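Asker: So the sequences go chain by chain: C and Y.
Residue numbers for the first sequence follow full-length UniProt numbering, so the first one is 1 and each next one is one higher.
Residue numbers for the second sequence follow full-length UniProt numbering, so the first one is 1 and each next one is one higher.
We put the CB at the ideal spot given by N, CA and C, even for glycine.
Note that the coordinates shown come from a computational prediction; the quantities given were computed from them, not determined experimentally.
There are 2 protein chains.
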Amino acid sequence: MSAATSEPTIVYGPKVNLDGVPNKYAGTPVVPWTPPEPGIDNLGINSIDTFAVPGVGEYTVAFDGWVRVVRSEPTDSEWAGAEVYTNLIEMKMVGHSEELGTITVTLNPTCLSAGQIRTPFDPYAGEGPSAKACRMAVGCIFDVPKMGMKLFNKEPIILTIDDVRSIPPAGAPGKGQIYRMLPLSDMAHPEREPVAYLTSLRFNMGGYLDKESM
Amino acid sequence: MSAATSEPTIVYGPKVNLDGVPNKYAGTPVVPWTPPEPGIDNLGINSIDTFAVPGVGEYTVAFDGWVRVVRSEPTDSEWAGAEVYTNLIEMKMVGHSEELGTITVTLNPTCLSAGQIRTPFDPYAGEGPSAKACRMAVGCIFDVPKMGMKLFNKEPIILTIDDVRSIPPAGAPGKGQIYRMLPLSDMAHPEREPVAYLTSLRFNMGGYLDKESM
Chain C
1 MSAATSEPTI
11 VYGPKVNLDG
21 VPNKYAGTPV
31 VPWTPPEPGI
41 DNLGINSIDT
51 FAVPGVGEYT
61 VAFDGWVRVV
71 RSEPTDSEWA
81 GAEVYTNLIE
91 MKMVGHSEEL
101 GTITVTLNPT
111 CLSAGQIRTP
121 FDPYAGEGPS
131 AKACRMAVGC
141 IFDVPKMGMK
151 LFNKEPIILT
161 IDDVRSIPPA
171 GAPGKGQIYR
181 MLPLSDMAHP
191 EREPVAYLTS
201 LRFNMGGYLD
211 KESM
Chain Y
1 MSAATSEPTI
11 VYGPKVNLDG
21 VPNKYAGTPV
31 VPWTPPEPGI
41 DNLGINSIDT
51 FAVPGVGEYT
61 VAFDGWVRVV
71 RSEPTDSEWA
81 GAEVYTNLIE
91 MKMVGHSEEL
101 GTITVTLNPT
111 CLSAGQIRTP
121 FDPYAGEGPS
131 AKACRMAVGC
141 IFDVPKMGMK
151 LFNKEPIILT
161 IDDVRSIPPA
171 GAPGKGQIYR
181 MLPLSDMAHP
191 EREPVAYLTS
201 LRFNMGGYLD
211 KESM
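So this is what it looks like as structure tokens:
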């Protein structure tokens, strides 16, 4: 782990330019079927995560917080052909569990958490005809003081939102694409076997936040 | 990319000891419900992968080849509690497509492709009562000379086998856990946007191979 360095060593997708890109807060219009100019979206988020700790138990925790996502210039001014690349540049979510105590989730600075919004190759029957798919690969740190550990994922957590009709997909439900279990390691001993597993993650992307509430 | 270095910079799980671990070839018994001593399994594999190339088309290709997987000392001598960690140390699969030509898949040396076999937290109704789940996070290179490109994945491909009743799970079907699309980048321009996507992957783990057929 090299959390102290400023450049991530694990890069999950294209780096999105931050220079001169304006922050977007509460009051920013979200226009359906329209690729927006680049921006840094400051959005609410909440999620329900389930953690399995082998030999101890399985715990479901509700988290609430915010994210900052930078969006690229769309590849096309028309919605149908536009792709937008995203980087998750900051995150803070806090959850409380009787057994695990207070858990704080932030980004792992070792990773560039990156994603994209594009037209899927397999449109679902239930989706609008021009709906897009949003996906992001994320490296997190779960600080669990009661366990005396900061947990992190070596495989990215793939967060997805389907049926995307606006950018950002504010207010949309999403899912962490976890198949049965995703290993979590202890940052103090990253080379060792996993100490816990994420077994489920569902989230809701919130709307734009006030600058003051970040 | 630093494919020339011998130590991987992206590590998907615990490194498994290779020193003194024997190679296992055709004739090695596979004993159900029994954690085996450490070994390097030389196994056949075949898979059916679908690639989407934006603006060009979607192509399904059948691959055939082999893998070498090193297994750790089981954490328990009894099947029920045993966990086994694995590293995919070598792979070669070749497939042919009319449109994409011959495609050769090997491991990305930048990544330590790693996984594990353990009792799942969510046993399926259809699985044996003591069946385990096998998963591995893999970094690949898809050499596609007809495209003039070597493609690689920045997010690991998660290969899973369910209902595992022996180690190795020789002869078992498995799946790449791809949700809609997994981006593939061009090794010549790793910082650029993806040039293709893996949209589906199904595989069959074969049995032990003769040394001569590797």
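With the cut-off set at 9 Å, would you say MET91/Y and GLY115/Y are in Cβ contact?
Answerer: Cβ atoms of MET91/Y and GLY115/Y: not closer than 9 Å.
Asker: Which residues does DSSP list as the beta-bridge partners of ILE45/C?
Answerer: Answer is GLY65/C, MET205/C.
Asker: Which residue from ILE167/C, PRO54/C, GLU127/C puts its Cα closest to that of PHE121/Y?
Answerer: Selected option, being the one with the closest Cα: PRO54/C.
Asker: Which one or two residues does DSSP pair with LYS24/C in a beta bridge?
Answerer: Beta-bridge pairing links LYS24/C to ASP41/C.
Asker: Note down, in chain order, each residue of its chain lying with its Cβ closer than 8 Å to the Cβ of LEU184/Y, except the 5 sequence neighbours on either side.
Answerer: Contacts found: PHE51, PHE142, LEU151, PHE152, ASN153, PRO194, VAL195, ALA196, TYR197, LEU198.
Asker: Output yes or no for whether 9 Å exceeds the beta carbon distance between GLY13/Y and ALA137/Y.
Answerer: Yes, Cβ-Cβ distance for GLY13/Y and ALA137/Y is below 9 Å.
Asker: For the stretch 163 to 176 of chain C, enumerate the residues whose C-beta is nearer than 7 Å to any C-beta of chain Y, in chain order.
Answerer: Against chain Y - using a Cβ distance shorter than 7 Å - the stretch 163 to 176 of chain C contributes no residues.
Asker: Compute the Euclidean distance between the alpha carbons of residue 220/C and GLU37/C, then round it to the nearest angstrom.
Answerer: For residue 220/C there is no data in the structure shown, the boundaries of chain C being 1 and 214.
Asker: Could you check what DSSP says for SER2/C in three-state terms: helix, strand or coil?
Answerer: Note that SER2/C has pLDDT 40, beneath the 50 cutoff, so the model's placement of it is unreliable and the number below is only indicative. The answer is coil: DSSP assigns SER2/C none of H, G, I, E or B.
Asker: Helix, strand or coil for SER200/C, going by three-state DSSP, please let me know.
Answerer: Residue state, collapsed to three classes: strand.
Asker: Would you list the residues sitting across from SER97/Y in a DSSP beta bridge?
Answerer: In DSSP, SER97/Y forms a bridge with GLY101/Y.
Asker: Given this structure, state the Cα-to-Cα distance separating PRO168/Y from ARG135/C, to the nearest angstrom.
Answerer: About 33 Å.
Asker: Where does PRO145/Y sit, in a helix, a strand or coil, going by DSSP?
Answerer: DSSP places PRO145/Y in helix when its eight states are reduced to three.
Asker: Do you know how far the Cα of PHE63/Y is from the Cα of THR106/Y?
Answerer: Cα to Cα, the separation comes out at about 12 Å.
Asker: Do we get a CB-CB distance below 9 Å when we pair ARG68/Y with the residues of chain C?
Answerer: For ARG68/Y, the answer is no, since every Cβ of chain C falls outside 9 Å of its Cβ.
Asker: Comparing alpha-carbon positions, which option in PHE203/Y, LYS146/Y, THR75/Y, PRO156/Y lies nearest PRO173/Y?
Answerer: Looking at the Cα atoms, PHE203/Y is the closest of the given residues.
Asker: Taking 9 Å as the threshold (C-beta atoms), are MET181/Y and residue 221/C in contact?
Answerer: This structure gives no information on residue 221/C, because the portion of chain C shown stretches from 1 to 214.
Asker: Any Cβ of chain C within less than 9 Å of the Cβ of THR60/Y?
Answerer: No, its Cβ sits nowhere closer than 9 Å to a Cβ of chain C.
Asker: Is any beta-carbon of chain Y found at less than 9 Å from that of GLY128/C?
Answerer: It does not: the Cβ of GLY128/C has no partner Cβ on chain Y nearer than 9 Å.
Asker: Is ASP49/Y closer than 9 Å to THR34/Y when the C-beta atoms are compared?
Answerer: No, Cβ-Cβ distance for THR34/Y and ASP49/Y is not below 9 Å.
Asker: Using only the alpha-carbon positions, how far apart do SER213/Y and ALA82/Y sit?
Answerer: Cα to Cα, SER213/Y sits roughly 31 Å from ALA82/Y.
Asker: Can you check which of these residues, CYS111/C, HIS96/C, VAL31/C, is closest to THR104/C by C-alpha distance?
Answerer: Considering only alpha carbons, the answer is HIS96/C.
Asker: Does the distance from the C-beta atom of LYS175/C to that of LEU209/C stay below 9 Å?
Answerer: No. Outside cutoff.
Asker: Since THR28/Y meets chain C, which of its residues come closer than 9 Å, beta carbon to beta carbon?
Answerer: Chain C residues near THR28/Y: none, gap ~25 Å exceeds 9 Å.
Asker: Quick one: what's TYR59/Y bridged to in DSSP?
Answerer: In DSSP, TYR59/Y forms a bridge with PHE51/Y.
Asker: Take ASP162/C as the anchor and find which of GLY207/C, GLY171/C, ASN17/C has the nearest alpha-carbon.
Answerer: Considering only alpha carbons, the answer is GLY171/C.
Asker: Classify ASN23/Y: buried if its beta carbon has 16 or more other beta carbons within 10 angstroms, exposed otherwise.
Answerer: With fewer than 16 other Cβ atoms within 10 Å, it is exposed.
Asker: If you drop the 5 nearest sequence neighbours on each side, which residues of the same chain put their C-beta closer than 8 Å to that of LEU88/C?
Answerer: So the list reads VAL67, ARG68, VAL69, LEU107, SER113, ALA114, GLY115, MET136, VAL138, once near-sequence residues are dropped.
Asker: Give me the Cα-Cα distance between ASN17/Y and SER72/Y, rounded to the nearest whole angstrom.
Answerer: Approximately 7 Å, taken between the alpha carbons.
Asker: Does any CB atom of chain C fall closer than 9 Å to the CB of GLU78/Y?
Answerer: No, GLU78/Y does not count as interfacial toward chain C.
Asker: For a contact meaning CB atoms closer than 7 Å, what does VAL11/C contact in chain Y?
Answerer: LYS154, listed in chain order.
Asker: Is there a C-beta anywhere in chain C that falls below 9 Å from the one on ILE158/Y?
Answerer: Chain C, which has a Cβ nearer than 9 Å to the Cβ of ILE158/Y, makes this yes.
Asker: Within 10 angstroms of the Cβ of GLY44/C, are there 16 or more other Cβ atoms? Answer buried if so, exposed if not.
Answerer: Flag for GLY44/C reads buried.
Asker: Check each candidate in TYR25/Y, ILE158/Y, GLU99/Y and name the one with the smallest Cα separation from ASN42/Y.
Answerer: Closest by alpha carbon: TYR25/Y.
Asker: Give the interface partners of ASN137/C over in chain Y, defined as CB-CB distance under 7 Å, in chain order.
Answerer: Per the sequence shown, residue 137/C should be read as Ala rather than Asn. In chain order: GLU155.
Asker: Using only CA atoms, which one of GLY101/C, SER166/C, PRO109/C lies nearest to SER130/C?
Answerer: The shortest Cα separation from SER130/C among GLY101/C, SER166/C, PRO109/C belongs to SER166/C.
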